[in-house]
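Per the numbering used here, residue 733 is the first one in the sequence shown, and the count goes up by one each step.
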Amino acid sequence: MLAAIVAHRRTPSNVALTRRRPGLRILAPAEALRALKGGDVAIGRLDVSAHLDGIEVGLWELARLEGAGVRVLNRPRALVAAHDKLATSRALAEAAVPHPRTAHVTAPSSVIPFEPPVVVKPRFGSWGRDVALCEDASSLRRHLAEIAHRRWFKSHGALVQELIPPQGEDLRLLVAAGTVVGAVRRVAAHGEWRTNVALGATRHPVLPTTEARELAVAAARAIEADLVGVDLLPTPSGRHVVIELNGAVEFNQQYALDGGDVVERVLTALLHDQLAAVA
């Protein structure tokens, strides 16, 4: 049996997974389609496009692999539901998972069914890029007018979400095969309300509560994801809401729970009895 991570980039997490299991390879989608056969395993790690206008190419190849009998973890529909924030919102609403009210806008004049303050973000977004906080209706309209000519807005519009009052931190839980295998608390940089590490946030070890774990697992189940990062925002009531999902989540040993090996836990959860058979 062969196993491969289907991805375009040798990110630190992808490399760490392959180093732990020498037979596990990183293959581009077209390479995976040629190399993998029925009974093999493909771990889909396609990310958001660098232009924020969709998902990296390769969903078609993952679908072909699944049709050929390859065990695909993070199937195409799961990756779409994780990376497309509109699909995320709909899936979470259908599963009754707490999530901010969300509206899809395609023009600065689009009607938004709730009042500011709101957060505006690309429909396919990551790294905190082009995410803006609008305190009132006039700033919202100005911002929508400013982004209306951007490539990603022309392709898919933008999402407007009700603001969960920022507390300068959030939780990211790593869910593999329906189990929380890692977690960090992300603390925003000084003067920054967004908690993206790409924007200077720092990661800190954390033992998530039962409530946070159950919420993360429910979110992963709602989109049928095998390996996903689930971002939780604390609310004034002391509980959490799911803010975003990441189908190509990056992780390292800072995510370890109880001093365990987070990479090993991911592999064990995903591959189960097939782990020993990886060539």
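In this text, a Cβ means the ideal position worked out from N, Cα and C, and glycines have one as well.
Given the structure is predicted, the values throughout are model-derived calculations rather than measurements.
From the options, residue whose alpha carbon lies closest to that of residue i
i       : options                        : result
LYS853  : ALA890, GLU996, ARG742, ASN928 : ALA890
ASP779  : ASP990, PRO937, VAL981         : VAL981
PRO897  : ILE955, GLN985, GLU867, ALA800 : GLU867
HIS831  : LEU947, ARG742, GLY770         : LEU947
VAL973  : HIS922, LEU734, GLN893, SER745 : GLN893
ALA823  : ASP993, GLU847, ALA950         : ALA950
LEU964  : THR927, VAL994, PHE983         : THR927
LEU734  : VAL804, HIS740, SER781, ASN746 : VAL804
LEU794  : ILE737, ALA819, HIS836, THR743 : ILE737
GLU976  : THR834, ALA988, PRO845, GLY923 : THR834
VAL960  : THR911, ALA933, ALA748         : THR911
LEU1002 : LEU876, VAL907, SER871         : VAL907
Helix, strand or coil at residue i [DSSP, three-state]
i       : result
ALA921  : coil
VAL995  : helix
LYS817  : helix
ARG926  : coil
PRO808  : helix
LEU1002 : helix
ASP990  : coil
GLY900  : coil
ALA909  : coil
LEU734  : coil
Supposed contact pair residue j and residue i - C-beta distance, whole angstroms, cut 8 Å
i      : j      : result
GLN986 : VAL913 : Actually they do not touch by this definition, with Cβ atoms about 13 Å apart.
ARG777 : LYS817 : Contact doesn't hold; Cβ gap of about 19 Å is too wide.
ALA774 : VAL812 : Going by Cβ atoms, the distance from ALA774 to VAL812 rounds to 16 Å, so no, they are not a contact pair.
ARG918 : ARG935 : 6 Å
ALA828 : THR820 : Going by Cβ atoms, the distance from ALA828 to THR820 rounds to 14 Å, so no, they are not a contact pair.
LEU903 : PRO937 : At roughly 12 Å, the Cβ-Cβ gap does not stay under 8 Å, so LEU903 and PRO937 are not in contact.
With a cut-off of 8 Å, do at least 3 Cβ pairs link the segment 789-796 to the segment 747-756? no
List in chain order: all unbroken beta strand (DSSP E) runs of 3+ residues lying wholly within the segment 819-896. 834-837, 850-854, 864-866, 890-894
Could you name each continuous beta strand (DSSP E) segment of 3 residues or more that falls completely within the segment 929-986, going from the start of the chain to the end? 934-937, 959-966, 972-978
Any alpha helix (DSSP H) of 4 or more consecutive residues that is wholly inside the segment 736-808: 744-752, 761-767, 791-799
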